[in-house]
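Structure first, commentary second.
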Amino acid sequence: MDKAAVDVCQYFDKSITKVNASLGIEQEYFLVDLALYNARPDLALTGRTLFGHMSAKGQQLEDHYFGSIPERVFTYMVDFENEALKLGIPLKTRHNEVAPSQFECAPIYEEINLAIDHNQLLMDLMEKVALRHNFKVLLHEKPYAGINGSGKHNNWSLITDTGKNLLSPGKTPKNNLMFLTFFVNTIKAVHEHADLLRASIASVSNDHRLGANEAPPAIISIFLGSQLAEVLDEIESSRSIIKKVKNEDSLWLGIPKIPQILLDNTDRNRTSPFAFTGNKFELRAVGSSANSSAPMTVLNTIVADQLIKFKTEVDKLIKKGEKKDVALLTILKKYIKESKDIRFEGNGYSDEWAEEAAKRGLSNIKTTPVALDAYVSEKSTELFTKLNIFNERELHARHEILLESYYKKLQIEARVMGEVTNSMIIPAAIAYQNSLIENAKGLKELGLSGDALATPLSIINKVSEHLNIVKTSIDAMLEQRKKVNAIEDSREKAISYDEKVKSYFDTIRYHTDKLEQIVDDSVWPLPKFRELLFIK
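The sequence shown begins at 18 in the working numbering and counts up by one.
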């Protein structure tokens, strides 16, 4: 990235000798009381609740988002911020997030390698400090069904050794041309390698979050904001590119003046996976538990590759006798047109966008095992080997490891679901059902019948219906798991776990959640969402 960006910077400023990628990582997380966490085997073993009916009160009032930070949580935040500072991690932001018991912290921007190392340290630190406060930090992307999950927004830019942000619009035509060069090349790079960027954020936990009306969809698109979208449209449609003047300088007529971009105007389409937010791109699709090195390696690689191609094409035109500015603008105009399909300003959550994206030829890869194919495609292999980042063997090794991680995590979830259902939920439901049976017998012995017996009999029947479906589904899932475990090919195994084992999860959860609403609260063995989310 450094070499590719510096080579392109030489068109505009010969004094630039180094370019660093800059990164600011927003970290979302949930907090739960440690005692309640310890009473939930699913949370403890998988990081998420495999069971649980949504609390009557969730995030619908937005009172947590706009409210003050709870005192116990605030004390924890200050504690881990102080500990972070001792390690040189400069946190500057703390606030409540949308869901109950969800929060966020964010650091000052740093050089990308340092930012990623600091985020890894921070996640470990947050967990350790939480124990002092009898909290447990949940970094899973979707610990609770029915409310927002957590992301790790990666705010990425390019900074020169002269202090220039290459993704910050300038006040002069020359500076704007420099900005647009890096801006358009980034858009072009993401358009060319959208599937690879999608693969870099794929995981079993992030699959729960992507496209769930709270996070960007699995369709990779780019949001620019109306001002810059209009600028690119005007460049694309303009016929005249430059005007020669007496001193032989070139003035750009094909681009309107870029207005002062207000951060409030560009912040932002929250439904977009890759959004421009004033002076940086924000990759919003990274999961909260992820290591940002994977998506950032991909982003740096594809942009560097695109800048190399750009310089090659511009130099060809210059060798043919074109003025430098004409060559630059000619190629940029071509790129704007070629990458237009990935630009989208609307609601990424809508069904209409999925249909429109398909018409545009954009991929909508919904599950991790299929998304990971992009790592070992012919296109990606050529890209990584050409730039000496990964060789083919290394790419296949990463692909294999990620697939193995995927199916093993689903394997654990299936085991936990079977164990908790068989040893905790079903016995609790049967115990409650037995008390109802005794109640019905007593009523009958008293000589009561008809309406007096209707309620306990109705509840007994409902409990039986849900129990039968839960037990049948659990047995079928466990049997299917045995078959899938016999598969040796990692990709086939991961897909089979996704399609044949995970497919039982929703049915089992639905009926156990129904039982939770029926069974006596004092008998139910698991802390409920209202306790997990609101006891703080």
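Think of the CB as a built atom: it goes at the ideal place given N, C-alpha and C, for glycine as much as any other residue. Note that this is a predicted model, so its numbers are computed, not measured.
Output the distance between the C-alpha atoms of Lys31 and Glu355, rounded to the nearest integer angstrom. 29 Å
Can you tell me which residues form a DSSP beta bridge with Gly304? Gly168
Could you tell me the boundaries of the alpha helix (DSSP H) in which Glu516 lies? No alpha helix (DSSP H) contains Glu516, which DSSP labels as neither H nor E.
Answer yes if the region 53 to 62 comes into contact with the region 539 to 552, meaning at least three C-beta pairs across the two stretches below 8 Å, and no otherwise. yes
With DSSP collapsed to three states, give me the class of Pro386. helix
Less than 9 Å between the beta carbons of Lys159 and Ser217, yes or no? no
To which residues of the same chain is Lys461 closer than 8 Å at the C-beta, ignoring the five residues directly before and after it? Leu470
Which value, in whole angstroms, describes the spacing of the CA atoms of Lys328 and Val25? 6 Å
8 Å Cβ shell around Glu436 - same chain, five flanking residues per side excluded: Pro58
Look up Ser556 in the DSSP assignment and say whether it is helix, strand or coil. In this structure the chain extends from 18 to 553, so residue 556 is not present and cannot be described.
Does DSSP put His112 in a helix, in a strand, or in coil? strand
Cβ-Cβ distance between Leu420 and Ser397 below 9 Å: no
Contact check, Ile239 vs Phe293, beta carbons under 9 Å: yes
Alpha helix (DSSP H) segments (min. 4 residues) lying fully within the region 429 to 499: 443 to 462
Determine whether the beta carbon atoms of Ala457 and Val518 lie at a separation below 9 Å. no
Report yes or no: do three or more beta-carbon pairs, one from the region 82 to 98 and one from the region 176 to 193, lie closer than 8 Å? no
Nearest CA to the CA of Lys403: which residue from Tyr449, Ser422, Ala321, Ser475? Ala321
As a quick exercise: from Tyr28, His150, Lys20, Asp19, pick the residue whose alpha carbon is nearest that of His335. According to the sequence provided, residue 335 is Ile. The question's His does not apply to it. Here the closest residue by C-alpha is Tyr28.
Would you list the residues sitting across from Asn37 in a DSSP beta bridge? Ile176
Are any of the Cβ atoms in chain C nearer than 9 Å to that of Glu373? Considering every chain present, this structure includes no chain C. It has just one protein chain.
Local Cβ density within 10 Å of Arg410, reported as buried at 16 or more and exposed below that: exposed
For Thr438 versus His483, is the C-beta distance shorter than 9 Å? no
What is the DSSP secondary structure of Ala292, counted as helix, strand or coil? strand
If we require 4 or more residues per run, which alpha helix (DSSP H) segments fall completely within the region 76 to 123? 80 to 83, 88 to 103
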